[in-house]
Amino acid sequence: MSLGTAQVNNMNRVKAHKHRKARNRVSYIVLPLVAVVILIGLWELVGHFTNPLFLSSPIAVARAFANILTHRQTVSSLLQSLREMYLGLVLGVTIGFTIGIFIGRFESVNNVASPFVNVLNATPLIVVIPLLVIWTGIGMQARVVFTMLVTTFPMLLNTAAGVRNVHKGYVEVAATLGLSERATLFKVAIPAAVPYVLAGLRSSLSLAIIGMVVGEMEVSSIGVGWLLIQYGDGLQTAFLLALLMITSIFGVLNVTALKIVERTVFKWTTSTR
Amino acid sequence: MTSSFEASAGLGTSPATYGSTNAFEPPVLKVRGINKVFSGQERDVVALESVDLDVAKGEFISLVGPSGCGKTTLLRIIDGLDFADSGTVELEGKRLDGVSQDMAYVFQDINLLPWRSVRGNVEIGLEARGVAKAERQRIAREFLEMVGLKDVMDVPPYTLSGGMQQRVGVARALAVRPKVLLMDEPFGQLDNFTREALQAEVAALWSQLGITIVFVTHDVDEAIFLSDRIVVMHRNPGQVVEILDVHLKRPRTQAEFRAEPETIELRSKITALLRSQEGGL
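Protein chains in written order, with my numbering: chain A, 2 to 274; chain B, 332 to 612.
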């Protein structure tokens, strides 16, 4: 009976699937966890034989970590950093996305804009910080603008590439069904560019953290960057390492949030072809 | 070699054929003097050379030929996706310039938009025509039901099998109610069983909806099974070699049509015509 065989096949497949899932759990969760534990153990061990100035022990770092998260001044510094980072990121990503669409869609815009974009993109943006200070003062604006500049370019370049490289077949579907140029842009080209846009967003997210920290190290009396300078000057190694962990957590949270968006809102980008 | 002008004469020879119309009605689609050359680095390829073709209203006509004979190019020029170097395409007496809203195209590689649901893919042509949302949804449901996909309307298209995806492709094209449906090797990438099932479905849809279909294929049996007339094409220069009438009575079934004497005769005739070109590489 073909039905019978099909059912048996199906059951086998389900069993195999469960088995694979269990194995995945081991390789995705248990093994990395073991690695982390071993690493911390080694760190503690090495810490005992080293000058704590060079490498603080995990316990000292944990204490510094808790210290940073429980003091009002440091917590407000972290929050201020996040505020600046997300403000700069949202501005940069919005501007990059919008300009990217125009550059990708219109050859003439691309011809006019590409020299500027290429030069600016090749410039290490940190050199504009003194200018930003002259233009906007040493307040929050300079740091937000800096983060904005840093995050604009990956978004811009990726969006432009995405809109320019829309699969020809999609464009022909739009053409034969009579979609106007405007409708083709909004209903076909921009959605088709989403994988590129997400890649741009991923780069912008990690650059936003760098932009924030660098901006604060250069112009600030608050924030993660400023704390880094303080702890560095005070040779407070445990605090520096704790701060390093906090910025890593920021990064991980950003990337995780993006992954969740990819897997829910833009599910098709992860499951097609 | 038979001149392609006999295409129009050929119309009158099959008055009894189911689905085709009488010879006195003007053709719905009139193709005249199409030339198209693709310039290559080493040599130019004459994709189409003075191709003429008349398609009667309600007719099912197939273009067959070896790859590179320009059959897909001809279909794309008819739709306005490609431009001819010279020549004209007329739909119901009106000369076309660019894509016509009265024709729809079914692609070999389907190209469903992955960010839209199955239903959303069928609706997109209706959106371009300004159809209101409720009406769009109703039409999309109607055509998806027609191709047997009403249960998967809300799933993303990439979760469907190849055959189901092409059914969506057909529904998407039919939903805009085209006068002429252009199909470019639509079943070329499907397995045998799926292909035969879809051929039967397309034949049924064609007779049910009374539309005109121009079908490109390199599968001779597929052309015989579906068509009222078969246009055999030649490669470089891409030309019409001969136009053959198919008189097999409809509805045809996959099981029976292959053994019909007419099928056997047509098959050997077309195969011979195609084989005679092999030297001309």
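All C-beta atoms, glycine included, are put in the ideal place defined by N, C-alpha and C.
query: Which of the three DSSP states, helix, strand or coil, is assigned to Ser109/A?
result: Of the three classes helix, strand and coil, the one that applies to Ser109/A here is helix, per DSSP.
- Using the beta-carbon count (16 or more within 10 Å), is Trp227/A buried or exposed? Buried, since its Cβ has 16 or more Cβ neighbours within 10 Å.
Exercise for the section: With DSSP as the reference, please indicate the residues paired to Thr543/B in a beta bridge. Expected result: Note: Thr543/B sits in a beta bridge opposite Val511/B.
Tell me whether Gly216/A is buried or exposed, calling it buried when 16 or more other Cβ atoms sit within 10 Å of its Cβ. So Gly216/A ends up on the buried side.
**Prompt:** Comparing the C-beta of Gln432/B with each C-beta of chain A, is any distance below 8 Å?
**Reply:** With its beta carbon less than 8 Å from one in chain A, Gln432/B belongs to the interface.
* Whole angstroms is fine: what's the gap from Gly105/A's alpha carbon to Val164/A's? => Taking the straight line from one Cα to the other gives about 5 Å.
Check: Just how far apart, CA to CA, sit Leu254/A and Met213/A?
Finding: In this model, Leu254/A and Met213/A are separated by some 16 Å (Cα to Cα).
Q) Leaving out five residues before and five after Arg450/B in sequence, what residues of the same chain have Cβ atoms less than 8 Å from its Cβ? A) So the qualifying residues of the chain are Gln468, Ala471, Arg472, Leu475, Met484 and Asp485.
**Request:** With a cut-off of 8 Å on the beta carbons, I'd call Pro488/B and Gln496/B a contact; round off their distance for me.
**Result:** Right, their Cβ atoms sit about 6 Å apart.
task: State the Cα-Cα distance for the pair Glu466/B and Trp537/B, rounded to the nearest angstrom.
output: So the two alpha carbons sit approximately 23 Å from each other.
Which of helix, strand or coil does DSSP assign to Asp482/B? Collapsing the DSSP output to three states places Asp482/B in a helix.
CB-CB under 6 Å to Ala435/B, same chain, minus the five flanking residues each way: which ones, in chain order?
Excluding residues within five positions, the ones whose Cβ falls inside 6 Å are Ala504, Val507, Pro509 and Leu512.
#### Entry: Within chain B, partners of Ala184/A - CB distance below 8 Å
Residues of chain B passing the Cβ test: Glu458 and Ala459.
Contact between the segment 229 to 247 of chain A and the segment 97 to 115 of chain A is defined here as three or more beta-carbon pairs at a separation below 8 Å; is this criterion met? Contact annotation: the segment 229 to 247 of chain A does not touch the segment 97 to 115 of chain A, with fewer than three C-beta pairs closer than 8 Å.
For Val501/B, the nearest candidate out of Pro397/B, Asp576/B, Ser417/B and Val437/B (CA to CA): Each of Pro397/B, Asp576/B, Ser417/B and Val437/B was checked against the Cα of Val501/B, and the nearest Cα belongs to Val437/B.
Taking 8 Å as the CB-CB cut-off, is Phe438/B touching chain A? Interface with chain A (8 Å Cβ-Cβ cutoff): Phe438/B is included.
For the beta strand (DSSP E) holding Arg560/B, just list the boundary residues, first then last.
From DSSP, the beta strand (DSSP E) with Arg560/B extends over Arg560 to His565.
Fill in: 6 Å Cβ shell around Gln81/A - same chain, five flanking residues per side excluded
Closer than 6 Å at Cβ, skipping near neighbours: Ile223 and Gly224.
Q. Unbroken alpha helix (DSSP H) runs of length 4 or more, entirely within the segment 102 to 148 of chain A: which are they?
A. The qualifying runs are 108 to 123 and 130 to 137.
**Request:** Using DSSP bridges, identify the partner residues of Val215/A.
**Result:** Partner residues in a beta bridge of Val215/A, as assigned by DSSP, do not exist.
- [ ] At 8 Å on the CB atoms, spell out the chain A contacts of Val507/B, in chain order.
- [x] The answer, in chain order, is Leu178 and Gly179.
- request: For Thr404/B, write down the residues that DSSP places opposite it in a beta bridge.
  value: Beta-bridge pairing links Thr404/B to no other residue.
Practice problem: Using a Cβ-Cβ cut-off of less than 9 Å, give me the residues of the segment 188 to 202 of chain A that come near chain B, in sequence order. | Solution: Here the close residues are Lys188, Val189, Pro192, Ala193 and Val195.
query: Val167/A CB to nearest chain B CB: under 8 Å?
result: No, its Cβ sits nowhere closer than 8 Å to a Cβ of chain B.
Q) Between Thr525/B and chain A, is there a C-beta pair that is closer than 8 Å? A) It does not: the Cβ of Thr525/B has no partner Cβ on chain A nearer than 8 Å.
Discussion item. Are the CB atoms of Phe546/B and Arg583/B within a distance shorter than 8 Å?
Written reply: The beta carbons of Arg583/B and Phe546/B sit no closer together than 8 Å.
**Asked** Taking C-beta to C-beta, are Val453/B and His549/B nearer than 8 Å?
**Response** Not in contact: Val453/B and His549/B (Cβ atoms no closer than 8 Å).
Thr75/A burial status per 10 Å Cβ neighbour count (16 or more: buried)
Its Cβ being crowded by 16 or more others within 10 Å, Thr75/A is buried.
**Request:** Output, in sequence order along the chain, the residues in the segment 481 to 503 of chain B whose CB is closer than 7 Å to any CB in chain A.
**Result:** Listed in sequence order: Pro487 and Tyr489.
Task: Proximal chain A residues relative to Asp410/B, where beta-carbon distance stays under 8 Å - done: Under a criterion of Cβ atoms nearer than 8 Å, the residues of chain A adjacent to Asp410/B are, in order, Thr177.
Just tell me which of Leu88/A, Ile30/A, Thr265/A and Ile139/A has its CA closest to the CA of Ala209/A. Closest by alpha carbon: Leu88/A.
Open item on the list: Any beta carbon of chain A sitting closer than 8 Å to that of Ala435/B?
Closed with: At least one chain A Cβ lies under 8 Å of Ala435/B.
Between Thr602/B and chain A, is any beta-carbon pair separated by less than 8 Å?
No, Thr602/B lies away from the interface with chain A (no Cβ there is under 8 Å from its Cβ).
### Gly252/A and Gly97/A closer than 8 Å at C-beta
Using a Cβ distance threshold of 8 Å, Gly252/A and Gly97/A do not count as a contacting pair.
Notebook entry, point to check: Which partner residues of Glu573/B appear in the DSSP bridge assignment?
Noted result: When beta bridges are read from the DSSP output, Glu573/B appears opposite Val563/B.
Looking at the unbroken alpha helix (DSSP H) that takes in Val174/A, where does it start and where does it end?
Its alpha helix (DSSP H) spans residues Lys169 to Thr177.
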